[in-house]
Each structure stands twice: as C-alpha cells, then as structure tokens.
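Trainee:
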Amino acid sequence: MKTWTRMALLALPVLGVSSMASAQPIPLTDFDKAFRDPAANPPVRSADVQAVRPANVAPVSTPVVQPLPPLFPEVQTWSVADAQALLEVVEAIGTEGLDSRDYQPDVLRAALNAGPGAGLDEAASTSFTWLVEDLRDGRTPMDARKQWFVIDPDADRMLTGTLMNEALTTHDVAGVLASLNPTHPDYAALKQALATASDTKQRAMIRANMDRWRWLARDLGSQYLLTNVPEYQLRLTVNDKIIRTYKTIVGKPGRTATPQLAETVEGVVFNPTWTVPQSIVKGEGLGAKVLKNPSWARNAGYKATVADNGFVTVVQQPGPTNSLGVMKLDMPNPHAIFLHDTPSRGLFGQEARALSHGCIRTERALELAMTVAILGQGASKDETVAISKSGKYTRVPVKKTMPVYITYFTMARDINGELKSFEDIYGRDAPVLAALDAPRVANRARSTGEKAVEIIDDLQT
0 MKTWTRMALL ALPVLGVSSM ASAQPIPLTD FDKAFRDPAA NPPVRSADVQ
50 AVRPANVAPV STPVVQPLPP LFPEVQTWSV ADAQALLEVV EAIGTEGLDS
100 RDYQPDVLRA ALNAGPGAGL DEAASTSFTW LVEDLRDGRT PMDARKQWFV
150 IDPDADRMLT GTLMNEALTT HDVAGVLASL NPTHPDYAAL KQALATASDT
200 KQRAMIRANM DRWRWLARDL GSQYLLTNVP EYQLRLTVND KIIRTYKTIV
250 GKPGRTATPQ LAETVEGVVF NPTWTVPQSI VKGEGLGAKV LKNPSWARNA
300 GYKATVADNG FVTVVQQPGP TNSLGVMKLD MPNPHAIFLH DTPSRGLFGQ
350 EARALSHGCI RTERALELAM TVAILGQGAS KDETVAISKS GKYTRVPVKK
400 TMPVYITYFT MARDINGELK SFEDIYGRDA PVLAALDAPR VANRARSTGE
450 KAVEIIDDLQ T
C-alpha cells in the first residue's frame, strides 16, 4: 500500500469517516467539541502555523535526464494475421460507442484480400492510427467541446507509433487498443448501458458521455476531487471509490457558467479575505458606502483603501459574514475558479443549484478543507482546527497536491452508484451529439480555441 493511501486511511477516521465506501456526511461532533472546548484545542500559535508550511530546502542532487522514447514511423509492416485482428476490432468498435465506418473497414478488407505489402501496411496503419486517436483522445473535435479547457496528457504518454509497434511485436492488436479505454467505473457503467439500450436518443446520449470520459486523462490519479456540474455534487475519491460527497452550487447559465477544468489544489485557505469586484465597489456604490459609513463597514467586515489616483479597493475581512465563508481551496487557474464555502448555506437545500457567478460553493466546506489539508500533509487535525478557530487568514500549503476535475456529464453514475441522466443546464450536449453524427475530423486540435474568461464571482446570490 502506498504511503498516501496509508495516510488517507489513518487520517479520515480521525475526522469521523467510518467507511471507505460511505458517502454520508462526516459527523462533526469532534469539530464541535474542539470549537467549544478551548482546553481540548488550545489557541493556535504562530509556531504551529509555521510548522505546516514547507521549508525551503535546496535540492541535493541534479535531476536525472530520462532518455527519449524511440520514435516509430506512421506506417509500419503488418502481417495478414495482425491486420485481420485489427479488422475484427474495427467491426466491433460500436461496443465502445464509436462508429466502425470511421475506420475504413472496406479499405482494410480490400487490402487484406490483396495480401501483404505496401497497400496492407498503409491501410492497416491508417485504421489503427485513427482508432488510437479516438479511443485515447476522444472522437469529438475541440470546437464542439464548449468551455472545455482540460488538456489531456495521454497523447504524450501513449504515442501512436509506440502503440502500433507494441501491437505488432506482441501480436495483440485488440489488447493494445483496449488498453486505451477509460478505466473509471462510470465508463464501464455507460458501456454496459449501451449494450442493452435500444432507443436511438438514449444510445446517442450514452455515446456522448462515453466520449467525454476520453477527453480526460486515462489516469486521474489515485486521490482526487471530481465535481459533475449538472449533478451539483463534489466527490472526494480514493482509488476510484467515493470517500465523501458534498453538494455544490455552480455557475448560472450564460457568461457565468462554470467552465470545465483540470487543476491542482496547492493549498487550503482558512478564514479567507474577499476582494470585492469593481462591479460592486464602483458600479453598485459599495466603495462610497464603506468610506461614508465606517461603523457599518466595520460591522460588515469591509476595509477600504484609496489610492493616490482615487481608485477605491474594498476587501472583506475574515469573519462569519465573509462571502467566501470559512475556507477556499487554492487552485490557481486563469479563470479564477475555485472551490469555497458560503454563508448562504440554505441554498444547498434547493434541487437546482446553478446560482453562482462561476465558482463552486461546497457544502460542509470546513470539513472538506480540513480533510484536504490532512491528506495533503499540510497540517494535522489539531492544527487545522486551531487555524480555523483563530479567525485569521491562513494559507496552509499542501505537500501532496490533489487534482480537481470540474466535469460535465449529463449521463453518469450518481453519488449512490446508480446510472442517471442530469439536466443539460448549459446546453452542451447538442454540439457533441452533432459532432458524433458528422464525418470524423482528422488532425484535430488538442486544446480549445476558446478564450479563458476570468470569472468575477460577485457572490450576491
């Protein structure tokens, strides 16, 4: 068992986690007691806070330069037996939600009938390459993946020429291609549903969501956070098993819709401050109100700063009314999207929760923050409780970073493991469905051409 797994198993029971498979909220009895009993949790000291910050340690060795993998040609030599095995994969590829016609079965069949030679090598290499690209990277071109800013690393990790060489060397064409399929349990559930679905519309939705799994890295990591925006749920996952789930509030449809990202939690911010956007400071007159009513501003936690040129900045200080609540997860990205708490916790009782201006607000946020800090080896349970009680802005860097996947599946397993459909709140299904029905696009871009729009969450909802 890996080190981090042992830590997860040791740390989570401290927070009240009774079962790896449980998806019920963590009982907060221990936290409540610590907050109410100073003797059980003494005041945080500056030395304690510093202890959770990584020391600046100089490297003790030079990096090892890994040799580059060998490069293989785009067209390789195929035997009749290997090409026949490839044709069988093409003819059965519908089980993976793809269309066999995209991979030139007629051309490959004709080349097989002609026997070994340059024609067979060309036809088989082309069919194999296209299969690899679609199984590994996804069939949907980037312009149909609306607000999809995830960069899939698989094309760099699993080079097409290397895979072809492996298939021809081992004579296991089917096995090499099957190794590209997503390993997440949700993909297997969708594949199973596709095998029994007869309704054309349902089959199309299953295929679209199977393809969305290919847009992500095949290996999501052994420990990660994943939120499915249309489901309004966040999962803390270890070895593809859900450890904890949290209701979420996501962006409203339109300009403030939550984009799809794959980012990394680098730290946990307890008792965050909130720099108020100028759309509120100036546009709604908050800056003038804070300057004219210092008593009101103090009670609301606002502090205003006036620059020499008259520019007014307003920052809301940590406290019970802070718009970010008691925590946020620090996950730097050009969209300024992050996971955070909210003082408006009653909104989690609503069924439809597309209410924010882009960021993701999480239920039981303090529990999540403490869990991430502990699993990330940034702080102990006692330290996180003390820091959160201090009322002071404190960023706890984590030694073991955690991936965060902000995804968009309209058909997926819910938090109880049941395959369900979710409302397409942002209208992102139609372009995917259209792309899957259209002819296959060759030489597809690996990254989106859409611009990253910095989301300014005014937190008024």
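Position 195 of the sequence shown, counted from 1, bears residue number 194 in numbering that gives the first Met the number 0, the numbering being contiguous throughout. Every residue, glycine too, gets a C-beta built ideally from N, C-alpha and C. On a predicted model such as this, the values are computed, not experimentally measured, just so you know.
Which residues does DSSP pair with residue 420 in a beta bridge?
Mentor: For the purposes of this step, residue 420 is taken as the residue at position 421 of the sequence shown. Looking at the DSSP assignment, residue 420 forms a beta bridge with 410.
Trainee: Given residue 134, which residues of its chain have a CB within under 8 Å of its CB, disregarding the five upstream and five downstream residues?
Mentor: Working through the sequence shown from its first residue, we reach residue 134 at position 135. Excluding positions up to five away in sequence, the list reads 95, 97, 176, 179, 180 and 213.
Trainee: What residue from 368, 431 and 305 has the CA that sits closest to residue 207's CA?
Mentor: Here residue 207 refers to the residue found at position 208 of the sequence shown. Residue 431 is the option with its Cα nearest to residue 207.
Trainee: Thinking C-alpha only, which one of 307, 268 and 333 is nearest residue 262?
Mentor: For the purposes of this step, residue 262 is taken as residue 263 along the sequence shown, with counting starting at 1. For residue 262, the nearest C-alpha among the options comes from 333.
Trainee: So, is residue 48 buried or exposed, given that buried needs 16 or more other C-beta atoms within 10 angstroms?
Mentor: Numbered from its first residue, the sequence shown carries residue 48 at position 49. Caution is warranted here: a pLDDT of 36 is assigned to residue 48, below 50, making its placement in the model unreliable, and the coordinate value is therefore given only provisionally. By the neighbour-count rule (16 or more Cβ atoms within 10 Å), residue 48 is buried.
Trainee: Pop quiz: residue 184 and residue 239 are said to be a contact at Cβ under 8 Å. What is the actual Cβ separation, rounded to whole angstroms?
Mentor: Translated into positions along the sequence shown, residue 184 becomes position 185. Translated into positions along the sequence shown, residue 239 becomes position 240. 6 Å between Cβ atoms; contact.
Trainee: For a test of the three-state rule: what should DSSP assign to residue 246, helix, strand or coil?
Mentor: Here residue 246 is taken as the residue at index 247 of the sequence shown, counted from 1. In the structure shown, residue 246 sits in a strand (DSSP, three-state: E or B).
Trainee: Who are the near neighbours of residue 90 in its chain, counting only those whose CB is closer than 8 Å to its CB and skipping five residues on each side?
Mentor: As a first step, residue 90 must be located in the sequence shown, where it is residue number 91. Taken in chain order, the residues that qualify are 99 and 104.
Trainee: Measuring straight from C-alpha to C-alpha, what distance separates residue 25 and residue 373?
Mentor: Position 26 of the sequence shown, counting from 1, holds the residue named residue 25. Position 374 of the sequence shown, counting from 1, holds the residue named residue 373. Any reading at residue 25 needs caution, since the residue's pLDDT is 38, under 50, leaving its predicted position unreliable; the model's value is listed next. Computed Cα separation, rounded: 15 Å.
Trainee: In its own chain, which residues sit with a C-beta less than 8 Å from the C-beta of residue 113, not counting the 5 before and 5 after it?
Mentor: Sequence index remark: in the sequence shown, residue 113 carries index 114 (1-based). Same-chain partners within the cutoff: 119.
Trainee: Taking the alpha carbon of residue 299 as the point to measure from, which residue in 306, 290 and 307 has its own alpha carbon closest?
Mentor: Within the sequence shown, the letter at position 300 stands for residue 299. Out of 306, 290 and 307, 290 has the C-alpha closest to the C-alpha of residue 299.
Trainee: As a quick exercise: from 328, 201, 349 and 107, pick the residue whose alpha carbon is nearest that of residue 272.
Mentor: Taking the first residue of the sequence shown as 1, we reach residue 272 at position 273. Among 328, 201, 349 and 107, the Cα nearest to that of residue 272 is on 328.
Trainee: Any idea which residues DSSP pairs residue 355 with across the strands?
Mentor: The residue given as residue 355 occupies position 356 in the sequence shown. Bridge partners of residue 355: 250.
Trainee: For the alpha helix (DSSP H) that contains residue 164, what are its first and last residues?
Mentor: To locate residue 164, count along the sequence shown from 1; it is residue 165. Run containing residue 164: 159-169, per the alpha helix (DSSP H) assignment.
Trainee: Using the C-alpha atoms, what's the distance from residue 367 back to residue 387?
Mentor: Counting from one through the sequence shown, the residue named residue 387 turns up at place 388. Counting from one through the sequence shown, the residue named residue 367 turns up at place 368. About 12 Å.
Trainee: Give the straight-line distance between the Cα atoms of residue 41 and residue 385, rounded to the nearest whole angstrom.
Mentor: On the sequence shown, position 42 is the one that residue 41 refers to. On the sequence shown, position 386 is the one that residue 385 refers to. At residue 41, the pLDDT of 40 sits below 50, so the modelled position is not reliable; the number obtained from the coordinates is stated separately. One C-alpha to the other measures close to 7 Å.
Trainee: Which two residues bound the contiguous alpha helix (DSSP H) that contains residue 155?
Mentor: Here residue 155 corresponds to residue number 156 of the sequence shown, with the count starting at 1. Segment 153-156, the alpha helix (DSSP H) holding residue 155.
Trainee: How far does the alpha helix (DSSP H) with residue 370 in it extend, from its first residue to its last?
Mentor: Within the sequence shown, numbered from 1, the residue matching residue 370 stands at position 371. Per DSSP, residue 370 belongs to the alpha helix (DSSP H) from 364-374.
Trainee: Could you say which of 144, 365, 323 and 345 lies nearest to residue 356 if we only look at CA atoms?
Mentor: In the sequence shown, residue 356 corresponds to position 357, counting from 1. Among 144, 365, 323 and 345, the Cα nearest to that of residue 356 is on 323.
Trainee: Should residue 297 be labelled buried (16 or more other beta-carbon atoms within 10 Å of its own) or exposed?
Mentor: Taking the sequence shown and counting its residues from 1, one reaches residue 297 at position 298. Under this definition residue 297 is an exposed residue.
Trainee: If you measure between the beta carbons of residue 435 and residue 195, is that distance less than 8 Å?
Mentor: Translated into positions along the sequence shown, residue 435 becomes position 436. Translated into positions along the sequence shown, residue 195 becomes position 196. In this structure, residue 195 does not lie closer than 8 Å to residue 435 by Cβ.
Trainee: Write down the C-beta distance between residue 265 and residue 413 rounded to the nearest angstrom, noting that I regard them as a contact closer than 8 Å.
Mentor: Position 266 of the sequence shown, counted from the start, is the residue given in the question as residue 265. Position 414 of the sequence shown, counted from the start, is the residue given in the question as residue 413. Going by Cβ atoms, the distance from residue 265 to residue 413 rounds to 30 Å, so no, they are not a contact pair.
Trainee: Could you check how far apart the C-beta atoms of residue 74 and residue 124 are, in whole angstroms? I think they sit under 8 Å.
Mentor: Sequence index remark: in the sequence shown, residue 74 carries index 75 (1-based). Sequence index remark: in the sequence shown, residue 124 carries index 125 (1-based). Indeed, because the Cβ distance is near 4 Å, the residues count as touching under 8 Å.
Trainee: What distance in whole Å lies between the Cβ atoms of residue 141 and residue 446, which are believed to be in contact at a cut-off of 8 Å?
Mentor: The residue you call residue 446 lines up with position 447 of the sequence shown. The residue you call residue 141 lines up with position 142 of the sequence shown. Yes, they are in contact, since the Cβ atoms of residue 446 and residue 141 sit about 7 Å apart, within 8 Å.
Trainee: Looking only at its own chain, which residues have a Cβ that is under 6 Å from the Cβ of residue 102, when we skip the five neighbours before and after it?
Mentor: By one-based count along the sequence shown, residue 102 stands at place 103. Correct list, in chain order: 89, 126, 129 and 130.
Trainee: One question on the structure: do residue 255 and residue 233 come within less than 8 Å of each other, judged by their Cβ atoms?
Mentor: Counted from its first residue, the sequence shown places residue 255 at position 256. Counted from its first residue, the sequence shown places residue 233 at position 234. Cβ atoms of residue 255 and residue 233: not closer than 8 Å.
Trainee: What is the C-beta distance between residue 313 and residue 275, in whole angstroms, given that I count them as a contact (C-beta under 8 Å)?
Mentor: Taking the first residue of the sequence shown as position 1, residue 313 is located at position 314. Taking the first residue of the sequence shown as position 1, residue 275 is located at position 276. Yes, residue 313 and residue 275 are in contact; Cβ-Cβ is about 4 Å, under 8 Å.
Trainee: In the DSSP assignment, find the beta strand (DSSP E) that holds residue 209 and state where it starts and stops.
Mentor: The count along the sequence shown starts at 1 and reaches residue 209 at position 210. Not the beta strand (DSSP E): residue 209 falls in the alpha helix (DSSP H), residues 199-213.
Trainee: Who are the Cβ neighbours of residue 444 in its own chain at under 7 Å, not counting the five residues just before and after it?
Mentor: In the sequence shown, the residue the question calls residue 444 occupies position 445. The answer, listed in chain order, is 141.
Trainee: Would you kindly work out how many angstroms separate the C-alpha atoms of residue 418 and residue 310, rounded to a whole number?
Mentor: For this step, residue 418 is matched to residue 419 along the sequence shown. For this step, residue 310 is matched to residue 311 along the sequence shown. Those two C-alpha atoms are separated by around 52 Å.
Trainee: In terms of residue numbering, what span does the beta strand (DSSP E) encompassing residue 146 cover?
Mentor: Within the sequence shown, residue 146 is the residue found at index 147, counting from 1. Run containing residue 146: none; DSSP gives neither H nor E here.
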